Amino acid sequence: MTTVASTRPAHPMAPVHTVGQRPRRSGRRAGVLFSTPFLIIYLLFLVGPLLMGIVLSFFNTTTVKDGLGGWVGVSNYAKVLGDSLFWDAMWHSVLFTLITTPLLVGLALLFAILASRIRRGRVFYRLAFFAPYVVPSSVVALIFLWMYTPEVGLIPKLFSAVGLTAPDFIGSTSGGWTAVILMTLWWTFGFNFVLYTAAIQDVPPDVYEAAAIDGASPWQQIRLITVPLLNPTTSLVLILQILASLKVFDQIYLLLGGGPNQSTRPVIEYIYDTGFTSYRGGYGAAATMVYFVIIVAVSAAWYGLRRLRATGTAARAAA
Amino acid sequence: MTRRRLLALGGGLALTGGLSACASPLASGLTGSQPNTADVIYWNLFTGGDGANMVLMENAFRKQHPGVTLEATVLGWGNPYYTKLALATASGTPPDVGISHLSRLPLLAAAKLLEPVENTGVTDLGITRDRFTPAAWQKATVDGTVYAVPLDTHPFVLYYNVDLAKKAGLLNAAGDGLKPMKGAHEFVDAVKAMKDAGAKYGAAMSITGDPATAWRYFSMIYRGLAGPVVTDSGTRIDIDTDAMRETFAFMQSLTGPGLMPKSLNGSGANVLFSTGKAGFLFDGEWQIPSYRLVKGLHFNVVPFPALLGPKPVAYADSHALVVPRNANRSPERTANAARFIKSLLDHSATWAQGGHVPAWLPVQRSKAFLDQSPQRNYVQAAFNAQYDPVAWYTGAGSDFQNTVGGTIIEVLAGRLGPRSAVAAMRTDLKRYTTARPPVTMK
Numbered sequence: 001m002t003t004v005a006s007t008r009p010a011h012p013m014a015p016v017h018t019v020g021q022r023p024r025r026s027g028r029r030a031g032v033l034f035s036t037p038f039l040i041i042y043l044l045f046l047v048g049p050l051l052m053g054i055v056l057s058f059f060n061t062t063t064v065k066d067g068l069g070g071w072v073g074v075s076n077y078a079k080v081l082g083d084s085l086f087w088d089a090m091w092h093s094v095l096f097t098l099i100t101t102p103l104l105v106g107l108a109l110l111f112a113i114l115a116s117r118i119r120r121g122r123v124f125y126r127l128a129f130f131a132p133y134v135v136p137s138s139v140v141a142l143i144f145l146w147m148y149t150p151e152v153g154l155i156p157k158l159f160s161a162v163g164l165t166a167p168d169f170i171g172s173t174s175g176g177w178t179a180v181i182l183m184t185l186w187w188t189f190g191f192n193f194v195l196y197t198a199a200i201q202d203v204p205p206d207v208y209e210a211a212a213i214d215g216a217s218p219w220q221q222i223r224l225i226t227v228p229l230l231n232p233t234t235s236l237v238l239i240l241q242i243l244a245s246l247k248v249f250d251q252i253y254l255l256l257g258g259g260p261n262q263s264t265r266p267v268i269e270y271i272y273d274t275g276f277t278s279y280r281g282g283y284g285a286a287a288t289m290v291y292f293v294i295i296v297a298v299s300a301a302w303y304g305l306r307r308l309r310a311t312g313t314a315a316r317a318a319a
Numbered sequence: 320m321t322r323r324r325l326l327a328l329g330g331g332l333a334l335t336g337g338l339s340a341c342a343s344p345l346a347s348g349l350t351g352s353q354p355n356t357a358d359v360i361y362w363n364l365f366t367g368g369d370g371a372n373m374v375l376m377e378n379a380f381r382k383q384h385p386g387v388t389l390e391a392t393v394l395g396w397g398n399p400y401y402t403k404l405a406l407a408t409a410s411g412t413p414p415d416v417g418i419s420h421l422s423r424l425p426l427l428a429a430a431k432l433l434e435p436v437e438n439t440g441v442t443d444l445g446i447t448r449d450r451f452t453p454a455a456w457q458k459a460t461v462d463g464t465v466y467a468v469p470l471d472t473h474p475f476v477l478y479y480n481v482d483l484a485k486k487a488g489l490l491n492a493a494g495d496g497l498k499p500m501k502g503a504h505e506f507v508d509a510v511k512a513m514k515d516a517g518a519k520y521g522a523a524m525s526i527t528g529d530p531a532t533a534w535r536y537f538s539m540i541y542r543g544l545a546g547p548v549v550t551d552s553g554t555r556i557d558i559d560t561d562a563m564r565e566t567f568a569f570m571q572s573l574t575g576p577g578l579m580p581k582s583l584n585g586s587g588a589n590v591l592f593s594t595g596k597a598g599f600l601f602d603g604e605w606q607i608p609s610y611r612l613v614k615g616l617h618f619n620v621v622p623f624p625a626l627l628g629p630k631p632v633a634y635a636d637s638h639a640l641v642v643p644r645n646a647n648r649s650p651e652r653t654a655n656a657a658r659f660i661k662s663l664l665d666h667s668a669t670w671a672q673g674g675h676v677p678a679w680l681p682v683q684r685s686k687a688f689l690d691q692s693p694q695r696n697y698v699q700a701a702f703n704a705q706y707d708p709v710a711w712y713t714g715a716g717s718d719f720q721n722t723v724g725g726t727i728i729e730v731l732a733g734r735l736g737p738r739s740a741v742a743a744m745r746t747d748l749k750r751y752t753t754a755r756p757p758v759t760m761k
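Here's what the structure looks like:
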């Protein structure tokens, strides 16, 4: 899945708490009341299923029968960890992340800056870059499948029009990756673009003004003002993108079915194939948990690194 | 208006909304009861030509039984359909009648999701063993109990271009079929003759990204020599190494010297055969309707001859009608379901338009079917049918077919030799035979 929570870029400085000054009782009560709807939904649809998943992973649960099925201990985990196809699928998800993340972050930054510096039609460009993001994955996959289809598709036709042979977009592993990555770029880059656009608008104009008076060229302004001031956003966009890319499923499933010969199957499709197609819910749950732990570890490491850097900067500033 | 009053009003509105929605599918979804939107609720997975034929048959039922309402739902073919059927049944809200591939039946039956046919009252309507293609009825029987009423048999068959076959001297005297051939040698010669007659390729089939077709092709050849690749309800690998090696070698004897393209996807195969660039096409009979639309293409369809073994073998599957188990289904609903099943069988000559061989003998022997060509040519294939091995993981659209088919594609593409392919197949099968089955099967 490539949807991400729509979080505004976090400001580098957290609001300062005054120690020892607690909010009034009625205020606290109101706070709890206001967050209740969210808490209920959170417990019901996030924490609940997660706990359920943990339980299921220790049973031979199946989707064709009611109930949990027999207790199997950790053998589901042992099987998952020992299955080379699971690690292949894991690698495919990581490979997809390694390729798409730099492209999606870099291109979004580039185009956000370009769109912000354009004089006319700024709204049009912003809309044009963001629009693909709101199209459902099934529609995007269908359109791209038509374009990629060998012999009759638009792209192979264009290739042959100029006398080249089109890569086998659907039938070969490298072609498959190319097809999926191009489609993902077009489709999802709008989200990061919007985050960057918002952050660029937060940069005070007087900074540019002062730089212009000092004789900074537009390129210097971008390199020395815009990009450094966007650092907090970049770090947010990066982690959101890594997490979103690790969760890839629908594009690959719809476009390639994980093929050819399962050489592009991402880990979520592995979970789908074992948990649903083969009806092995408990085993699928165990695979999900392994994958969940890896994702949590990645984000924890990322936040740890950021913290370390933040305290380092703060210490230097204090010194 | 005060804030409190507004809130109260809003609450009241929400409540009335909730009450009026009580009878709707949404409400029954929230309460977990079975929706009662029609007298017969029918789920199937047919789109395209098959879907259109199925709608005709549904309409025939409506006309025949004006007092009985029928609601048909079409779900995505393969996994989307089967996961929903299984989940809906396991959670007590199944349809009254569903479609199942017979290759998918063993697991559904072992999970006790299906009502045995004898409990559904269809026997009283004359639906009995002696009136069906034996191979299909046999496959509808799991552990001595019949769980499905077969609607058709759809075998993997041999298409040929009539003009090219004539040039190649392959037609029989009457010109309505191929000269009898037997054995791998004669078959390869026929493919060569097609190529010599001016076709770019002697034969073609969908290979790339199509593990199911590869598996069908492989099964047909291999099963002429040996039994199923897994036995004991899918817990034991039972490969005949020599037979499998011979099978792979035969497959490469066609793709290796360029008699057949090594890498071609479904639409590519379609183009080659439609434009007369391939003499033979190896595919399921369900493709017949799409080739009928091709102007100027004269083609015919016959069962595959015996290839490696002494007798011809047809790899096939069947669509069958099942009644998913539901403890709360009323006797009237069950009776309506039985009537609907009977009606579909009676109208299966319409179904045969899609290329399928009706399993219901009264229709299979009727003029309405025997007038259909080329369908009548390969009725014998339904009798020689070999299905997927019995196991919890096999069947149409299964992960198993994807995995094993993937290896067979490597052989067809020439990236894997027969010897290493047998080892690869063994590894593939081991994944499934050693996996813990979701339900215990006898």
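As you go down the protein sequences, you meet chains A and B in turn.
Residue numbering for the first sequence follows this note's numbering, starting at 1 and increasing by one per position.
Residue numbering for the second sequence follows this note's numbering, starting at 320 and increasing by one per position.
C-beta: ideal position from N, C-alpha, C; glycine also.
Quick caveat: nothing in here was measured; it's all calculated off a predicted structure.
Isoleucine 540(B) does not reach chain A, its nearest Cβ partner there being about 20 Å away, counting only Cβ pairs nearer than 7 Å. For the set Asn398(B), Leu483(B), Leu444(B) and Leu404(B), the Cα lying nearest the Cα of tyrosine 361(B) is the one of Leu404(B). Interface flag for glycine 171(A) against chain B is set, since a Cβ pair is found closer than 7 Å. The beta carbon of aspartate 273(A) sits closer than 8 Å to the beta carbons of Gly258 and Arg265 from its chain, once the five residues preceding and following it are set aside; these are given in chain order. Contact between the stretch 68-79 of chain A and the stretch 243-256 of chain A is absent: fewer than 3 CB-CB pairs across the two stretches fall below 8 Å. Exclusion of the five residues before and after proline 204(A) leaves no residue of its chain whose Cβ lies closer than 8 Å to its Cβ.
Counting only runs of 4+ residues, the alpha helix (DSSP H) found wholly inside the stretch 260-291 of chain A occupies 267-272, in chain order.
Taking every protein chain shown into account, the CB of arginine 611(B) has fewer than 16 other CB atoms within 10 angstroms, so this residue is exposed. For tryptophan 362(B), the uninterrupted beta strand (DSSP E) run begins and ends at 359-363, by DSSP.
DSSP links alanine 639(B) through a beta bridge to Ser419(B) and Pro469(B). Secondary structure of tryptophan 679(B) (DSSP, three-state): strand.
Every unbroken stretch of the alpha helix (DSSP H) spanning 4 or more residues and falling wholly within the stretch 511-576 of chain B is given here in chain order: 530-541 and 560-574. Neighbourhood of alanine 409(B) in chain A, by CB distance below 8 Å: Thr63, Val64, Lys65 and Asp66, in chain order. About 7 Å separates the beta carbons of isoleucine 200(A) and isoleucine 113(A), which is inside the 8 Å limit, making them a contact pair.
Its chain contains Lys661 as the residues whose beta carbon lies nearer than 8 Å to that of glycine 445(B), once the 5 sequence neighbours on both sides are disregarded; these appear in chain order. With at least 16 other beta carbons inside 10 angstroms of its own, asparagine 363(B) counts as buried.
Ranked by how close their Cα comes to the Cα of alanine 286(A), the residues Val64(A), Ser75(A) and Ala30(A) have Ser75(A) in first place. Residue pairing by DSSP places aspartate 602(B) opposite Val476(B) in a beta bridge. Note on glutamate 269(A): 16 or more other CB atoms within 10 angstroms of its CB, so buried under the neighbour-count rule.
If the five residues before and after arginine 644(B) are omitted, its C-beta is found closer than 8 Å to the C-beta atoms of Thr408, Pro413, Lys431, Leu432, Leu433 and Glu434, all from its own chain and listed in chain order.
Contact annotation: the stretch 489-498 of chain B does not touch the stretch 664-672 of chain B, with fewer than three C-beta pairs closer than 8 Å.
Contact annotation, leucine 626(B) with phenylalanine 567(B): C-beta distance approximately 13 Å; criterion of less than 8 Å not satisfied. A straight line joining the alpha-carbon of threonine 402(B) with that of threonine 100(A) spans about 32 Å. Under the Cβ distance rule, tyrosine 279(A) counts among the residues neighbouring chain B, one pair being separated by less than 7 Å.
In this structure, alanine 715(B) places its C-beta atom within 7 Å of the C-beta atom of serine 422(B).
For leucine 497(B), the pairing in a beta bridge is given by DSSP as Leu490(B). The C-alpha of glycine 673(B) is placed about 17 Å away from the C-alpha of valine 393(B).
Here alanine 545(B) has Asp559 and Ala562 as same chain residues with Cβ atoms under 7 Å from its own Cβ, once five neighbours each way along the sequence are excluded. By alpha-carbon distance to glycine 281(A), the top candidate from Leu43(A), Val80(A), Val162(A) and Ala301(A) is Val80(A). In chain order, Thr149, Pro150, Glu151 and Val152 make up the part of chain A whose C-beta sits under 8 Å from the C-beta of serine 586(B). Excluding its 5 nearest sequence neighbours in each direction, alanine 516(B) has C-beta neighbours in its own chain below 6 Å: Leu483, Lys486 and Ala487, listed in chain order.
Close partners of valine 94(A) in chain B (Cβ separation under 7 Å) are lacking, with about 21 Å as the shortest Cβ gap. Collapsing the DSSP output to three states places leucine 389(B) in a strand. For the C-beta of alanine 430(B), the chain A residues within less than 9 Å are, from N- to C-terminus, Thr62, Val64, Lys65 and Tyr279. Straight-line measurement puts the Cα of tyrosine 125(A) at about 55 Å from the Cα of leucine 640(B).
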